[in-house]
Every structure is written in C-alpha cells, then in structure tokens.
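Asks:
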Amino acid sequence: MPLDGCYSYVGKVGGTQVISLAVDCIADYIIWHEVMHAIGFEHEHQRPDRDKFIRVEYINVQQGQLVNFDKLSPHEVDYPDTYDYDSIMHYDSHAFGRKDSSTGARLVTMIPLKKGVILDDNLKMSESDIAKLNRLGNCTVSKGLYSLFLLRASPFDYIEKIGA
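Take a look at the structure:
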C-alpha cells in the first residue's frame with residue numbers, strides 16, 4: 001500500500017495495519033474515519049439499504065471514483081442500527097464530485113432523502129458510531145470506548161508515527 005492520500009484497508013489485512021495519512025489528511029475527523037476502516041467499518045453511504053436514505057448522483061462523480069459509491073451486499077455488512085447521516089463514516093454531499101465548468105465548485109454526489117438533513121463533513125463520531133464501537137469491544141457505556149473517546153478528543157493520542 002503506497003503511503004499517500006487518506007485511506008486504510010477495511011479490517012485487518014495481513015500483518016501490521018497501515019493507515020495512510022498524507023499531509024492533507026491530518027485532521028482529527030479524517031484520522032478517526034481511517035481508524036474506523038482499519039478496525040472493520042465500511043462507509044455508511046455504502047450500506048445495502050442506503051437507497052432508502054440517499055440518492056447518489058452518479059453523473060456528478062469524478063471519473064474513476066464510482067467505487068466510492070458502490071453499494072455493499074447484505075453479506076458484506078450487518079448494520080442493525082438506523083441509517084446515520086451524522087456518522088464519521090458518511091461522506092459529505094460533494095464527495096468525489098466533478099467540478100462545475102463555470103464555477104469550479106464541486107457538484108453534488110449525494111442527496112439526502114430525509115427533509116432537513118445536510119450531508120456535511122462529520123467532524124466527530126456520532127452516538128451511533130460510538131455505540132457500534134462499544135458493541136464491537138463488548139463494552140458498556142460506563143466502562144467502555146465511549147469513555148475513552150470522551151477523555152481523548154484527538155486521535156493523535158493513539159497514533160504511532162511511521163517514518164516521521
């Protein structure tokens with residue numbers, strides 16, 4: 001895996017789990033997003049039931065980036081929770097959008113189907129994200145990962161820098 005861009009394999013693959021964090025990726029919410037991938041979480045907007053919650057505007061997606069909007073099969077993921085627009089694992093509405101030729105602005109790639117929802121950068125873990133982590137770690141709210149995330153707001157507290 002080349003170390004450029006912001007990405008990680010989903011779940012443990014082979015030996016050491018590498019998370020690539022280029023200079024543009026050094027923000028708490030991006031790091032948490034990649035850590036969630038590393039421990040096995042997929043994107044919220046790729047859930048098998050996502051078409052009930054968002055509409056993907058495929059025509060607006062950059063060439064070569066459609067894979068970021070592939071819907072996963074029910075055999076690949078099991079999310080018993082309700083759809084979480086606020087998940088740190090959900091892209092914003094302009095993710096991988098082509099640029100408008102006249103304004104240079106990114107085009108909308110995802111439209112929420114629920115009124116009043118705005119798909120923006122989710123800068124922190126949602127309650128649902130924390131609940132999923134607690135279930136994964138078999139933790140209770142009083143003594144689990146929830147407390148850990150409240151105490152340490154920055155992922156930098158957990159990261160070992162490679163080649164720095």
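As numbered in full-length UniProt numbering, residues 1 to 164 make up the sequence shown, in order. Don't be surprised by glycine CBs; every beta carbon is placed ideally from N, CA and C.
#1: Alpha carbon to alpha carbon, how far is Ser142 from Ile19?
#2: So, helix, strand or coil for Val10, using DSSP?
#3: Pairs of beta-carbons, one from the segment 76 to 92 and one from the segment 124 to 136, closer than 8 Å: are there three or more?
#4: For Ala22, is the beta carbon positioned less than 7 Å from some heavy atom of the ligand MG?
#5: Can the beta-carbon of Ala22 be found less than 8 Å from the beta-carbon of Asp4?
#6: Can you give the Cα-Cα distance for Leu113 and His37, rounded to whole angstroms?
#7: Three-state secondary structure (DSSP) at Val61?
Replies: Inspection of the coordinates gives the following:
#1: As a first step, residue 142 is located in the sequence shown; it is residue number 142 there, counting from the start. As a first step, residue 19 is located in the sequence shown; it is residue number 19 there, counting from the start. With a pLDDT of 49 at Ser142, under the threshold of 50, the modelled position of that residue is not reliable, and no figure is offered here.
#2: Walking along the sequence shown from the start, residue 10 turns up at place 10. The answer is coil: DSSP assigns Val10 none of H, G, I, E or B.
#3: yes
#4: Ligands are entirely absent from the displayed structure, and the ligand MG is therefore not among its contents.
#5: Your numbering for residue 22 matches position 22 in the sequence shown. Your numbering for residue 4 matches position 4 in the sequence shown. In this structure, Asp4 lies closer than 8 Å to Ala22 by Cβ.
#6: Within the sequence shown, residue 113 is the residue found at index 113, counting from 1. Within the sequence shown, residue 37 is the residue found at index 37, counting from 1. Computed Cα separation, rounded: 25 Å.
#7: On the sequence shown, residue 61 is found 61 positions in, with the first residue counted as 1. In this structure, Val61 counts as strand in the three-state DSSP scheme.
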